[in-house]
Every structure is written in structure tokens, then in C-alpha cells.
Amino acid sequence: MKFRNLVVAGAASLMMLVTSCGSVSAPQIASTSATAGLPPDVSVSDLGAQSLKRGEPVAGGSLTVGLSAPVETLDPRTSVASGGTVMRAIFDVLFVYDDKGEVTPELAESIETTDGGTTWIMKLPVGLKFTDGTDFNAQAVATHLENLAAEGSQSRAAADMRQITSLTATDEATVTMRLARPNMAFPKAFVWGLPGGPSMIPSPTAVAELGDKFSTSPVGLGPFKVKSFQPGGDIVLERNENYRIAGAPLLNELEFVAATDTQSRLSAAIAGDIDMAPTQSGMDLADATEGGLISLYQPVGTYYNLLFNLTKEPFDDPVFRQAVIQAIDVDGLNGAVFGGTHPVMKGLFPETNPFYVESGWPSYNLEEAKALAEEYVASGGTAEFNLTTTSPPEFQKQAAVMQQMLSDAGITMNINVSDQPTMVTEALSGNYQAQHRFTEVREEVDQGLRNLYHSTSTGNNGKAGNPEVDALLDELQTEEGRANRAEIYTALQERLSAWMPIAPLMAHTNGWYVGERVGGFPGNRVGTGDPDWRLVWALQ
Numbered sequence: 000m001k002f003r004n005l006v007v008a009g010a011a012s013l014m015m016l017v018t019s020c021g022s023v024s025a026p027q028i029a030s031t032s033a034t035a036g037l038p039p040d041v042s043v044s045d046l047g048a049q050s051l052k053r054g055e056p057v058a059g060g061s062l063t064v065g066l067s068a069p070v071e072t073l074d075p076r077t078s079v080a081s082g083g084t085v086m087r088a089i090f091d092v093l094f095v096y097d098d099k100g101e102v103t104p105e106l107a108e109s110i111e112t113t114d115g116g117t118t119w120i121m122k123l124p125v126g127l128k129f130t131d132g133t134d135f136n137a138q139a140v141a142t143h144l145e146n147l148a149a150e151g152s153q154s155r156a157a158a159d160m161r162q163i164t165s166l167t168a169t170d171e172a173t174v175t176m177r178l179a180r181p182n183m184a185f186p187k188a189f190v191w192g193l194p195g196g197p198s199m200i201p202s203p204t205a206v207a208e209l210g211d212k213f214s215t216s217p218v219g220l221g222p223f224k225v226k227s228f229q230p231g232g233d234i235v236l237e238r239n240e241n242y243r244i245a246g247a248p249l250l251n252e253l254e255f256v257a258a259t260d261t262q263s264r265l266s267a268a269i270a271g272d273i274d275m276a277p278t279q280s281g282m283d284l285a286d287a288t289e290g291g292l293i294s295l296y297q298p299v300g301t302y303y304n305l306l307f308n309l310t311k312e313p314f315d316d317p318v319f320r321q322a323v324i325q326a327i328d329v330d331g332l333n334g335a336v337f338g339g340t341h342p343v344m345k346g347l348f349p350e351t352n353p354f355y356v357e358s359g360w361p362s363y364n365l366e367e368a369k370a371l372a373e374e375y376v377a378s379g380g381t382a383e384f385n386l387t388t389t390s391p392p393e394f395q396k397q398a399a400v401m402q403q404m405l406s407d408a409g410i411t412m413n414i415n416v417s418d419q420p421t422m423v424t425e426a427l428s429g430n431y432q433a434q435h436r437f438t439e440v441r442e443e444v445d446q447g448l449r450n451l452y453h454s455t456s457t458g459n460n461g462k463a464g465n466p467e468v469d470a471l472l473d474e475l476q477t478e479e480g481r482a483n484r485a486e487i488y489t490a491l492q493e494r495l496s497a498w499m500p501i502a503p504l505m506a507h508t509n510g511w512y513v514g515e516r517v518g519g520f521p522g523n524r525v526g527t528g529d530p531d532w533r534l535v536w537a538l539q
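Letter by letter, the sequence shown follows residues 0 to 539 of numbering that gives the first Met the number 0.
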């Protein structure tokens with residue numbers, strides 16, 4: 000049995016854009032009626048992702064990218080999200096989601112099950128090499144999967160890889176995996192989404208020889224390789240001249256600089272000091288347009304939220320969790336911070352998700368919040384907690400507004416400001432009460448939900464599980480469950496709304512803004528807000 004016809008050449012989608020003479024044609028973007036009012040060089044895909052094409056693609060040149068958070072590591076075995084944009088240029092990925100949300104090969108050639116989801120066979124291309132000359136083969140993939148599953152692994156995919164009871168590199172091009180029980184959703188574990196998963200394969204030679212230094216000197220087989228990297232500072236990537244696809248990438252060099260202040264990052268782009276930058280604010284996209292930049296909206300299912308540590312007071316008590324949720328006026332928060340430009344969340348699925356249903360999520364009610372807070376205090380609790388947030392202004396403004404809202408309900412929220420790598424470490428260890436962050440629920444939601452909320456998942460930073468949620472997530476892995484996803488997603492939303500493991504706030508209005516030196520920028524594919532760096536080019 001093949002999993003959704005995955006016997007497709009891994010590079011097929013990109014090879015359509017590459018000619019035999021080594022040049023790359025323009026990204027093929029489907030036009031829609033949503034182009035009204037857009038600049039003439041911008042088009043929109045059926046998914047709503049905006050792309051830029053100025054002239055014909057040209058090879059050469061360099062571009063500078065401003066990042067909203069500093070990058071401390073480029074090791075794909077870790078779960079530090081801030082490095083994902085950069086790692087996507089260094090490591091090719093095994094699988095991606097296509098425009099319909101289906102698993103499709105990129106580097107790999109196929110994945111199929113022979114017995115209803117217990118045994119999975121992954122086929123790989125032959126003859127490829129990592130940038131250090133090491134052969135890319137089935138053993139390299141198997142070694143990476145074993146490392147992710149090892150004791151002490153910080154990968155968010157550790158639990159997924161620990162399903163594997165037998166892992167064999169059958170030959171140079173074949174990895175055979177036998178699971179503890181059938182799992183028809185298993186291929187989704189190999190799709191690129193965020194760091195910490197098995198989608199990006201590092202050179203086993205470099206991992207063994209460099210040890211901890213691999214995080215600053217990573218070796219992959221992607222379109223770029225590391226020229227220089229100072230943790231927390233600038234990152235310079237240079238073109239991989241031996242990349243597996245002729246003519247790609249187009250750029251000779253990519254430089255990433257940390258620009259954590261939103262306004263300073265925008266000012267640098269307007270001044271031409273950086274060429275492009277991601278943003279998570281509709282107001283920032285509007286400001287970029289007013290400043291003469293081109294803003295390119297990229298739809299992704301991410302949203303701001305408060306993450307609760309469900310094993311520590313006060314968030315081990317659902318009464319207090321509900322009091323906090325009902326004390327926050329998300330419409331007022333959206334207006335105060337984003338001028339009302341972001342959709343507010345009404346549950347744990349964005350309303351744009353095709354499986355969204357009204358699930359009984361507790362709505363804003365100050366009087367009920369006060370009563371719940373008083374009930375919690377009467378039971379012996381203290382209506383006070385520490386929230387760890389991070390430095391970008393949109394986070395700190397949200398925290399300040401929420402602090403006042405909670406105070407009106409009789410709840411004290413102390414604000415601590417930290418950096419993202421420290422927050423990730425504290426989340427993994429459970430050394431926090433609440434964190435202010437963002438999460439994601441994309442079109443294909445089951446793998447993401449499992450990582451976030453299953454009791455066995457290392458990505459479950461709430462540190463507690465819910466038996467009913469576990470059972471529904473487990474059911475999604477069966478053939479019958481796959482056939483009845485909509486019904487299960489409805490039940491999941493209802494159970495998550497009753498459990499309240501997080502407090503969703505507002506959906507992101509994601510995008511990138513680009514300056515006058517950027518010639519081509521392909522809109523994102525399902526599963527990531529980042530461009531395909533192979534198809535980005537600079538005007539000469």
C-alpha cells in the first residue's frame with residue numbers, strides 16, 4: 000500500500016523549474032482574483048501566498064536577510080525554532096506538503112507501507128554527497144533517526160522516532176522501519192516544519208567528528224553551506240557548487256543578521272541595509288508598504304498564545320486556567336497592539352483551518368473571570384504567576400495589556416523578558432509557569448497536534464497529557480481514523496477546549512517585505528512560512 004502516491008521523484012517539483020543548461024526559470028505561481036490592488040510584479044497562489052517576480056531569474060549576487068530573533072545553533076537535531084529559516088537553506092528536506100496538504104517527496108523518492116502502517120519503506124536517491132564529501136545514503140538517514148530517538152534527545156520528534164522498534168539500512172537507497180503499532184500518519188513525521196525533526200539529514204561524519212561544534216559548523220547537502228557563523232550574530236552562507244540540482248541555487252551568497260527590534264528592522268530595510276525580512280504583524284506589512292518596500296503576505300496557521308505549565312501551580316488547576324482565559328479580551332488586545340488587523344482566536348484551530356468548528360472555547364467575561372479567580376483563592380491557591388515573554392515590541396505590548404486585563408480580574412501577572420533560546424530550554428525542562436509564544440495548527444493538523452499535546456511527545460511543553468486527547472490522536476494514526484479525520488478533529492477541538500492547555504490569542508498576519516534588490520521571491524508552500532531559497536534571486 001502506498002501512502003498517497005508517494006512514488007514521485009523527490010526533486011520533481013523543482014526540476015520542472017530547472018533547465019538542462021543550468022538556468023532556473025521563474026516559480027510557477029497560480030493566479031487568482033486576489034491580485035486586485037497588488038503591484039504588477041506580485042502574483043498570488045491558490046493558497047493566498049504572494050510571490051514576486053521582477054524580470055527573468057538571474058544567477059549570482061547576494062542578499063541580506065534580517066531575522067527577528069538571534070540564532071544560537073544550526074543543528075537540526077535541536078528544537079530551537081529561530082534557526083529554522085537558515086537551516087532550510089543548508090539542509091535539503093526529505094518530504095514537504097504540497098499545495099493540497101499532502102505529503103510529497105523532495106529529497107527522498109518515496110515512502111510506502113507494506114502492511115497497513117506497521118512497516119514503512121523509504122526510498123532515497125543514490126550518488127549524492129554531503130558538502131564534506133560524505134556519501135548520502137540510507138545509513139546516513141538511519142543514523143540521524145537513531146540520534147533523534149536516543150536518550151536525552153532534545154528533538155521534538157523524539158517520541159515519533161521512538162515508535163520505531165526496528166530500523167535497517169537495507170541497501171544504499173532503502174531504509175526499512177518497523178513500528179511498535181500501525182501508524183498511517185507516520186510519513187508526516189518526515190515533513191519539514193520546524194527544527195528538531197527528521198526531515199533534515201546532517202552528515203554523519205561531521206556529527207561524529209565535530210560533536211558539540213556541529214551546531215556552529217553544520218554540514219548538509221542543501222543549496223548553501225556555512226561560510227561563517229557566530230552564535231547570536233551574523234550568519235553567512237555560500238552557494239553549494241555541487242548541489243544536486245543543476246542551476247540552483249541562484250544566489251552566490253546569503254547573509255542573515257539578527258534584527259530583533261521590529262522598527263529598527265523595518266528602518267534598515269527601507270534604508271537598504273537589509274534586503275528582506277519576515278514579519279508577523281499586519282501593521283508591519285502596512286508600514287513596509289508605506290516605506291516603499293514590497294510586502295508579500297504568506298498564509299500560515301500560526302498564532303500567539305500563552306503556554307501553561309500544567310504540572311505547576313497555579314496552572315495545574317483548570318479553574319485558574321479558565322480564569323486567565325476569560326480575563327483576556329482578545330478583541331481589545333488585538334486593537335491595542337495590532338490596530339485590529341489580526342484575526343482573534345476562538346479555540347485552538349484558526350477559523351481559516353478547513354476543520355475548524357465552534358468548540359465551546361471560554362469567551363471573554365470579566366465577571367466570570369473574577370469569580371473563578373476568587374474560587375481558586377478560596378481553595379488555597381494564589382492568583383499570581385510569572386509570564387516569560389520575549390523582546391520584540393509586539394510581544395511586550397501584548398504582555399503589558401494582558402497584565403492590566405488580568406489585574407482587573409484580581410490576577411497578578413509578573414512579566415519576565417527573555418530570549419528565545421532560553422525560553423526553549425526552560426520549556427523543555429518545565430522550568431516556567433507560563434510562556435508567551437506562538438504555536439501552529441496548519442491544514443494537516445494531526446502531526447502538529449500530536450507533537451504539541453500527546454502525553455508521550457517531547458514537544459508537549461505543557462508537561463502533562465489528557466487521556467481523551469491521547470486516544471483521539473492515536474486514533475488518527477489508524478486507517479479508519481484517517482478516513483474519519485473530520486469527525487475526530489471536531490472531537491479533538493471539543494476536548495482541547497475543555498482541557499485548556501494553552502490560551503490562544505490572535506492569529507499571525509505573516510509575510511515578508513523585500514527591498515529593491517530582490518528580483519524573485521517565491522510564495523511559501525504548505526508547512527513553512529519561509530521561501531524556497533533555491534528560487535530567490537537578486538537583481539544585478
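All C-beta atoms in this analysis are idealised placements derived from N, C-alpha and C, irrespective of residue type, glycine included.
A residue is called buried once 16 or more other Cβ atoms fall within 10 Å of its Cβ, and asparagine 430, having fewer, is exposed.
CA-CA distance, threonine 204 to arginine 53, rounds to 41 Å. In chain order, Arg494 place their CB closer than 7 Å to the CB of glutamate 467, counting only its own chain and leaving out the 5 sequence neighbours on each side. Apart from sequence neighbours up to five positions away, the residues of its chain that approach aspartate 286 with a beta-carbon distance below 8 Å are Leu265, ordered along the chain. In this chain, glycine 380 is not harboured by any beta strand (DSSP E), its DSSP state being neither H nor E. In the structure shown, aspartate 283 falls within a helical segment according to DSSP collapsed to helix, strand and coil. Here the alpha carbons of glutamate 367 and proline 349 stand approximately 25 Å from one another. Contact check for alanine 107 against methionine 121 passes: the beta carbons are separated by less than 7 Å.
In the three-state reduction of the DSSP assignment, tryptophan 498 falls in the helix class.
Taking 8 Å as the upper bound for CB-CB distance, arginine 177 and isoleucine 163 are in contact here, some 7 Å apart. When Ala382, Gly380, Glu374 and Thr301 are compared, the shortest CA-CA separation from methionine 344 is found for Thr301. Between the alpha carbons of alanine 245 and proline 222 lies a gap of roughly 10 Å.
In this model, serine 198 and leucine 123 are separated by some 13 Å (Cα to Cα). Of all alpha-carbon atoms in Val57, Trp119, Ser42 and Lys128, the one lying nearest the alpha-carbon of phenylalanine 90 is that of Lys128.
In the DSSP assignment, asparagine 413 falls within the unbroken beta strand (DSSP E) covering 411–417.
Rounded to the nearest whole angstrom, the C-alpha separation of glutamate 474 and glycine 480 is 5 Å. Looking only at Asp170, Pro298 and Ala58, the smallest Cα-Cα distance to aspartate 45 is reached by Pro298. With respect to the 7 Å criterion, leucine 147 and alanine 157 are classified as neighbours on the basis of their beta carbons. Around the beta carbon of serine 263, fewer than 16 other beta carbons lie within 10 angstroms, which makes this residue exposed. For leucine 73, same chain residues with a beta-carbon under 8 Å away, outside a window of 5 residues either side, are Gly82, Val85, Met86, Ile89, Ser214, Thr215, Pro217, Val225, Phe228 and Ile234 in chain order. Beta-bridge partners assigned by DSSP to serine 50: Ser42. When secondary structure is reduced to three states using DSSP, asparagine 385 falls in the strand class. Looking at the DSSP output, glutamine 434 shares a beta bridge with Leu306 and Thr387. Rounded to whole angstroms, the Cβ separation of leucine 386 and alanine 433 is 5 Å, and the two are in contact under 8 Å. About 5 Å separates the beta carbon of threonine 63 from that of aspartate 274, a gap short enough to meet the 8 Å contact definition.
In this structure, the CA atom of alanine 322 is about 9 Å from the CA atom of proline 361.
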